[in-house]
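Student:
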Amino acid sequence: MTPKSPGDDRSDHLDHVDRADRADHVDHVDHVDHVDIEDFTTVVETFTGIVIRLPSVEKLSFTTLSVLHTLTHDGPKRLSALTATEQVSQPAITQLVARLERDGLVERGPDPGDRRAVLVRATAAGRRIVRTRHRDRVAQLARLFDQLTPEERDAVGAALPALMRMAALGGRP
40 MTPKSPGDDR SDHLDHVDRA DRADHVDHVD HVDHVDIEDF TTVVETFTGI
90 VIRLPSVEKL SFTTLSVLHT LTHDGPKRLS ALTATEQVSQ PAITQLVARL
140 ERDGLVERGP DPGDRRAVLV RATAAGRRIV RTRHRDRVAQ LARLFDQLTP
190 EERDAVGAAL PALMRMAALG GRP
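The opening residue of the sequence shown carries number 40 in my numbering; numbering runs sequentially from there.
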């Protein structure tokens, strides 16, 4: 991580990450223009941890939540497609979908493009969980945002178009 200079407001929780300790550091460009990609990656990983570990009334696994999110945002999918997007084995996704179907969070139906295939889609209850978690994330991030200075808020706002483009380039808008 780039050393802090006086007046540098980067959070101390990122200080524990030292370049020498990054075991998977590959030989690549660490800076693109004026952005330290290692620091950027650490911040993204930290935010991922913050937003994925929301307290929840529903005790659902990360994979369950990911499947519901995928089906809610991307629409119905075959089991084989879910295996690929969720990076789990075919037996694991089959068991998970069976459990979600039993719990009323997904349903299976015919694939109009191939009568032999089955599509899995989120039910209203499954979509409600995704919406509720999104609202919880908005509230959590709003509390953090409220603690920023006006200049920091402006900087985050100015970065949003580029971050949205990066998200779209990564496969999920």
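For every residue, glycine included, the Cβ atom is placed at its ideal position computed from N, Cα and C. Computed from a predicted structure; not experimentally measured.
(1) Mapping the DSSP letters down to three states, classify residue 92 as helix, strand or coil.
(2) Give the range of the alpha helix (DSSP H) segment to which residue 142 is assigned.
(3) Are the beta-carbon atoms of residue 159 and residue 167 separated by less than 8 Å?
(4) Put residue 115 into one of helix, strand or coil per three-state DSSP.
(5) How many Å lie between residue 162 and residue 200 at the Cα?
(6) Per the DSSP calculation, residue 157 is bridged to which residue(s)?
(7) Does the beta-carbon of residue 98 have 16 or more other beta-carbons within 10 angstroms, so that it is buried, or is it exposed?
(8) Can you tell which of 106, 77 and 101 has the C-alpha that lies nearest to the C-alpha of residue 133?
Tutor: Concretely, from the data shown:
(1) Within the sequence shown, numbered from 1, the residue matching residue 92 stands at position 53. In the three-state DSSP reduction, residue 92 falls in the coil class, being neither helix nor strand.
(2) Position 103 of the sequence shown, counted from the start, is the residue given in the question as residue 142. No alpha helix (DSSP H) contains residue 142, which DSSP labels as neither H nor E.
(3) For this step, residue 159 is matched to residue 120 along the sequence shown. For this step, residue 167 is matched to residue 128 along the sequence shown. Going by C-beta atoms, residue 159 is not nearer than 8 Å to residue 167.
(4) For the purposes of this step, residue 115 is taken as residue 76 along the sequence shown, with counting starting at 1. Coil.
(5) Against the sequence shown, residue 162 aligns to sequence position 123. Against the sequence shown, residue 200 aligns to sequence position 161. So the alpha carbons of these two residues sit roughly 32 Å apart.
(6) Within the sequence shown, numbered from 1, the residue matching residue 157 stands at position 118. Residue 157 pairs with 149.
(7) Indexing the sequence shown from 1 puts residue 98 at position 59. Residue environment analysis places residue 98 among the exposed positions, since fewer than 16 neighbouring C-beta atoms fall within 10 angstroms of its C-beta.
(8) Numbered from 1 along the sequence shown, position 94 holds the residue referred to as residue 133. Looking at the Cα atoms, 106 is the closest of the given residues.
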